[in-house]
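Residue numbers (our numbering): 20 to 257.
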């Protein structure tokens, strides 16, 4: 949705447009996460820049940022940042998956998987980080609901648990390194030059489009590259 900084919204309208409560808007304002409203007499009016900041805050929360971390991130942005600039910031930090973690009790887990998960199976899923224990709760967290079924299929192969844990560690180690190196490559060749040129307005759409398109393309390249690497390994060892 196109948002312009000169929109004029009351705090009630702002909250409704952003999908939050008026109390939340006031709380964020008290913490300095939102700039003060523009005053018309005694009436405070908010604009597209406030809406864009609220969108950015919600995106950061979805990534698991604490309130303090969100404050630190926003303090690095100009107070007069335009909605377009804030939209670019949101695109840069948007999650690469729409999945959200879920907290489920044992009954709901059994219902979701279509089978009874005994304590031993739960422990093995926890070892693989398919499930996570929640301190002080009988519920279990599912970080990636899509991976729950995959994890059970892996366990059904009846492979040694220690081998599966080691395989998970190998994948995590190398994917984390790939992610860090690709991020640095993108920053060095796209983001830093853009910032050094003073964030020109005519380049924002290009940078944002590149960011949006990079996600699916990177995943496709990684999957294809892994498949080819496995084929090469098999060929070399046969």
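Each residue gets a CB set at the ideal place from its N, CA and C atoms; glycine is no exception.
Contacts around residue 63, its chain only, beta-carbon distance under 6 Å, and the 5 residues preceding and following it disregarded: Sequence-distant Cβ neighbours of residue 63 in its own chain, meaning closer than 6 Å and more than five residues away, are 56.
Quick check on DSSP: helix, strand or coil for residue 148? coil
Reference residue 126, options 95, 184, 136, 163, closest by Cα: 136
Contacting residues, own chain, Cβ-Cβ under 7 Å from residue 161 (five flanking each side not counted): 120, 121, 123, 150, 167
Just confirm the distance between the C-beta atoms of residue 105 and residue 71, as a whole number of angstroms; I'd bet it's less than 8 Å. 4 Å
Do you know offhand how far residue 26's Cα is from residue 153's? 43 Å
8 Å Cβ cutoff met for residue 112 and residue 79: Cβ distance < 8 Å, so residue 112 and residue 79 count as in contact.
From which residue to which residue does the alpha helix (DSSP H) around residue 159 run? Careful: residue 159 lies outside any alpha helix (DSSP H), inside the beta strand (DSSP E) at 159-161.
Quick one: Cα of residue 229 to Cα of residue 139, how far? 46 Å
Identify which residue in 68, 172, 144 has its Cα closest to the Cα of residue 109. 68
Exposed or buried, residue 253, counting other C-beta atoms within 10 Å across all chains shown (16 or more means buried)? exposed
For the alpha helix (DSSP H) that contains residue 121, what are its first and last residues? From DSSP, residue 121 is part of no alpha helix (DSSP H) but of the beta strand (DSSP E) over 121-123.
Would you mind sorting residue 238 into buried or exposed? The rule is 16 or more other CB atoms within 10 Å of its CB. exposed
Coarse secondary structure for residue 67, derived from DSSP in three states: helix
The ligand FMN and residue 107: does the residue's C-beta get closer than 7 Å to at least one heavy atom of that ligand? No copy of the ligand FMN appears in this structure; indeed no ligand is present at all.
I'd like to know whether the C-beta atoms of residue 159 and residue 187 end up nearer to each other than 8 Å. Contact flag unset, no.
To the nearest whole angstrom, what separates the beta carbons of residue 28 and residue 89, a pair I think is in contact under 8 Å? Between residue 28 and residue 89 a beta carbon distance of about 22 Å is seen, past the 8 Å cut, so the two are scored as non-contacting.
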